[in-house]
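Novice: Okay, so the sequence shown: first residue is 3 according to my numbering, each after it adds one.
For each residue, glycine too, the CB sits at the ideal point set by N, CA and C.
Please find one structure pasted underneath; my questions will follow.
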Amino acid sequence: MESGDRYGVAGYGSGGDGTVPPPPSHAPSVGPPPPGASLRAAAAALLNLTGLGLGYALLGRWGRAAVCWAATAVLLWVALPADPDGVPAGVLVGYLLVLVLAAVDGGRIARRSAVGGAWRPGLAVGLGVVLLAVPAGGAVVYGSARDEAREQMLLERLEAGDERVATASGQPFEAAKSEYGKALDVYRALGEDHPGSRAAKLVPDRLKAYYDAVSAPYAKKRHCEAVAPLTYLRTLPDSVDKKVLGELAAWPDTPLAESLYACGVSRLGGAGSSSGGGDGGAELGQLLRTFPESASARRVAPAIDERIKDQVSALKGAEPCTATEALRGLGATASRLPDDSVKKLRADADEGVVDGVYACGVDQFEDGKFGAARTTLTDFARTYKSDGRARQARNIATAAEIADDRPAAGKRLPPSKRPGGARMELVISNDAPNTVEVLYTGPVTGTVTLRACAGCERYSASEGPRRACKAGGRNYPKARLQLPAGEYHFLYKHGTGATARVDSYSSGTRVQPGYTYTSCTYVIERSPFDLDLPLLPDPIQPVVSPWGAGSSR
């Protein structure tokens with residue numbers, strides 16, 4: 003009772019002068035808690051959990067309240083404005099720990115203290131519960147702001163991808179391929195990693211624009227240029243979820259088949275045929291292997307067949323050599339393609355090449371390209387020995403060789419048929435110490451070879467016309483030709499036994515009916531000063547010697 007009296011005196015007793023002292027600001031440190039302590043402790047704890055330090059404020063513990071305010075200020079400084087990644091976990095855990103400690107500490111102090119002032123613990127508890135909605139609502143609002151920030155971040159990524167596509171679309175595909183790949187990475191990440199975002203919902207439209215940009219050459223009918231980008235688009239389902247691509251996953255197949263066909267056909271018979279590049283074979287081969295059942299693949303054989311027929315017809319035109327090369331290319335291309343119906347077309351092309359080589363050689367002769375004509379027709383006669391035109395090809399090649407030294411011999415093609423009528427004899431004697439091949443063309447064309455003359459010598463320029471083929475008792479190698487009347491051109495080629503300083507010699511004459519003719523070929527010494535002295539043929543005189551033939555050395 004003594005202690006109770008002290009309690010009564012301290013709380014409610016009168017002083018010696020009759021006045022009533024104020025109640026103590028704190029409960030004693032020992033003894034039972036004041037009445038209503040539990041409710042006060044709950045109120046203080048709840049008010050401190052709001053992060054506003056109100057529990058401490060009601061208890062008059064302003065220093066501790068300032069700590070709560072500082073913690074909340076730090077949290078707000080870190081959290082605002084809302085970031086897509088939210089508040090760092092360490093900061094959030096630290097702040098929650100401060101709130102929990104403040105709630106426990108505030109409850110402990112309120113439990114042991116009689117709070118001054120006219121406030122009701124029950125009302126404080128209700129206020130604490132209501133104010134807890136502030137941080138809870140703030141968390142919800144912050145979460146919404148963070149989500150919006152994340153959406154904006156994803157939209158910015160989407161825009162960055164769009165900018166890459168716009169930049170790449172103005173460049174050739176190979177140069178822009180890297181940019182296209184980076185843009186695709188953006189779209190793929192948005193569609194696969196953030197499927198519910200606003201940015202992800204825009205990805206299908208962006209992918210459509212992406213496909214349009216990459217395949218722009220196809221839309222512009224630049225089919226060869228379109229092959230590489232369309233092939234690239236066709237590989238995207240291997241790296242991008244088909245759900246993200248949707249109908250675009252299968253879209254490139256038809257455009258790619260069409261581009262392979264159009265590009266390949268446009269290159270058929272090109273200059274790269276013999277080497278296997280640039281002749282359409284690569285594109286058509288890819289088409290037949292990749293899309294064998296497509297409508298484009300079924301058009302390959304008819305297209306090549308039509309092109310072969312066109313080039314065969316072109317052999318009769320102004321450029322048979324060009325048409326021949328095109329036929330070679332078409333045949334080579336057809337033989338490499340993986341389709342039997344196409345491979346069979348090689349035979350048609352080869353048949354056209356035979357006609358083309360002959361037509362090309364004739365055209366070269368008529369255009370004055372005598373060296374090329376000789377090479378072409380010599381190869382024809384050697385390659386196609388059983389062809390009925392082989393003999394005429396050799397004749398034209400002979401005339402071309404003569405015309406290369408004596409252009410008058412190339413004014414007209416040698417006749418394809420031997421003329422009838424009388425023949426005049428031409429005897430050609432060789433007074434040269436080396437073999438001589440004589441080529442002639444006119445109403446008839448041919449070659450003869452005279453063996454070297456044993457014991458024959460070279461003459462001086464003045465001696466040749468007087469002494470050649472006139473040594474008594476010497477058996478000069480001879481060739482006898484039976485020639486129809488007409489104008490002839492000859493080329494004397496010195497072969498075995500001659501040096502590089504011995505020149506070939508060409509001449510011409512007219513063979514008239516009723517005469518026989520002789521000709522003598524010999525070699526004269528070149529002047530000591532290495533001057534190439536001209537050799538004048540003898541006057542054309544039947545029976546005596548219509549012309550002289552010689553070479554200088």
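Report the three-state DSSP secondary structure of Arg-309 (helix, strand or coil).
Specialist: helix
Novice: Do you know offhand how far Leu-258's Cα is from Arg-338's?
Specialist: 21 Å
Novice: Apart from the five residues on each side of it in sequence, which residues of its chain come closer than 7 Å, Cβ to Cβ, to Ser-275?
Specialist: Note that Ser-275 has pLDDT 41, beneath the 50 cutoff, so the model's placement of it is unreliable and the number below is only indicative. Same-chain partners within the cutoff: Asp-281, Arg-330, Gly-331, Ala-334 and Thr-335.
Novice: Going by Cα to Cα distance, which pick from Glu-439, Ala-349, His-196 and Pro-445 is closest to Ala-481?
Specialist: Glu-439
Novice: How about Asp-365 and Cys-323: are their beta carbons less than 8 Å apart?
Specialist: yes
Novice: What residue ranges within the region 411–472 form continuous beta strand (DSSP E) runs of no fewer than 3 residues, ordered along the chain?
Specialist: 425–432, 438–443 and 448–452
Novice: Can you have a look at Asn-477 and say buried or exposed, based on whether 16 or more other CB atoms are within 10 angstroms of its CB?
Specialist: exposed
Novice: For a test of the three-state rule: what should DSSP assign to Arg-488, helix, strand or coil?
Specialist: Residue 488 is actually Gly in this sequence, not Arg. In the structure shown, Gly-488 sits in a strand (DSSP, three-state: E or B).
Novice: Between Arg-420 and Thr-443, what straight-line distance do the alpha-carbon atoms span, to the nearest angstrom?
Specialist: 12 Å
Novice: For Ser-5, which residues in the same chain have their Cβ closer than 8 Å to its Cβ, ignoring the five residues on either side in sequence?
Specialist: The pLDDT assigned to Ser-5 is 36, lower than 50, so where the model puts this residue is not dependable, and the model offers no usable value.
Novice: How big is the Cα-Cα spacing for Ala-201 and Tyr-212?
Specialist: 15 Å
Novice: Quick one: using the 10 Å Cβ neighbour count with 16 as the cut-off for buried, is Asp-341 buried or exposed?
Specialist: buried
Novice: Tell me which residues share the same chain as Ser-167 and place their Cβ nearer than 6 Å to its Cβ, disregarding the 5 neighbours each side in the sequence.
Specialist: It is Val, not Ser, that sits at residue 167 in the sequence shown. Within the same chain, Val-167 has close Cβ partners Ala-185, Tyr-212 and Ala-215.
Novice: Note down, in chain order, each residue of its chain lying with its Cβ closer than 6 Å to the Cβ of Ala-178, except the 5 sequence neighbours on either side.
Specialist: Ala-170
Novice: Counting pairs of beta carbons, one from the region 509–526 and one from the region 427–435, are three or more of them closer than 8 Å?
Specialist: yes
Novice: Rounded to whole angstroms, what's the CA-CA distance from Ala-325 to Glu-368? Just pull it up for me.
Specialist: Taking the CA atoms as reference points, Ala-325 sits about 17 Å from Glu-368.
Novice: Under 8 Å between the Cβ atoms of Ser-261 and Tyr-220?
Specialist: In contact: Ser-261 and Tyr-220 (Cβ atoms closer than 8 Å).
Novice: Would you kindly report the start and end of the unbroken beta strand (DSSP E) that includes Gly-510?
Specialist: Gly-510: member of the beta strand (DSSP E) spanning 507–513, first to last residue.
Novice: Is the beta carbon of Pro-486 closer than 8 Å to that of Gly-423?
Specialist: Yes.
Novice: Taking the beta carbon of Lys-472 as the centre, do at least 16 other beta carbons fall within 10 Å, making it buried, or is it exposed?
Specialist: exposed
Novice: Between Pro-231 and Ser-217, how many whole angstroms is the CB-CB distance? I'm expecting something under 8 Å.
Specialist: Sure, about 6 Å apart at Cβ, within 8 Å.
Novice: How would you write the range of the alpha helix (DSSP H) that Ser-261 sits in, first residue to last?
Specialist: Residues 255–268.
Novice: Roughly how many angstroms separate the alpha carbons of Gln-514 and Met-426, rounded to a whole number?
Specialist: 8 Å
Novice: How would you label Thr-518, buried or exposed, when you count the other beta carbons within 10 angstroms and need 16 or more for buried?
Specialist: exposed
Novice: Pick from Arg-468, Gln-394 and Gln-484: whose alpha carbon is nearest that of Ala-375?
Specialist: Gln-394
Novice: Who are Lys-495's beta bridge partners in DSSP?
Specialist: DSSP lists Glu-439 as partners of Lys-495.
Novice: Candidates Arg-408, Arg-468 and Val-429: which alpha carbon is nearest Ser-506's?
Specialist: The option with the nearest alpha carbon to Ser-506 is Arg-408.
Novice: Between the C-alpha atoms of Ala-67 and Ala-46, what's the straight-line distance to the nearest angstrom?
Specialist: Between the alpha carbons of Ala-67 and Ala-46 lies a gap of roughly 11 Å.
Novice: Per the DSSP calculation, Thr-169 is bridged to which residue(s)?
Specialist: Answer by DSSP bridge pairing: none, since Thr-169 is not bridged.
Novice: Alpha carbon to alpha carbon, what distance is there between Ala-349 and Gly-278?
Specialist: Residue placement at Gly-278 cannot be trusted, given a pLDDT of 42 that sits under 50; the coordinates are not used to answer.
Novice: Looking only at its chain, what residues have a beta carbon closer than 7 Å to the beta carbon of Tyr-1, apart from the 5 residues adjacent to it on each side?
Specialist: Shown here, the chain extends from 3 to 555; a query on residue 1 therefore has no answer.
Novice: Taking C-alpha atoms, which residue in Ala-284, Thr-292, Arg-269 and Arg-208 lies nearest to Arg-236?
Specialist: Thr-292
Novice: Please state if the CB of Asp-164 and the CB of Glu-194 are separated by a distance shorter than 8 Å.
Specialist: no
Novice: Pull up the DSSP beta-bridge partners for Arg-482, would you.
Specialist: Val-429
Novice: Report the CB separation of Gly-283 from Gln-313 in whole angstroms; it is logged as a contact under 8 Å.
Specialist: About 16 Å; that fails the 8 Å criterion.
Novice: Smallest Cα separation from Ala-228: which of Arg-414, Ala-399, Thr-378 and Gly-266?
Specialist: Its Cα nearest to that of Ala-228, the residue Gly-266 stands out among Arg-414, Ala-399, Thr-378 and Gly-266.
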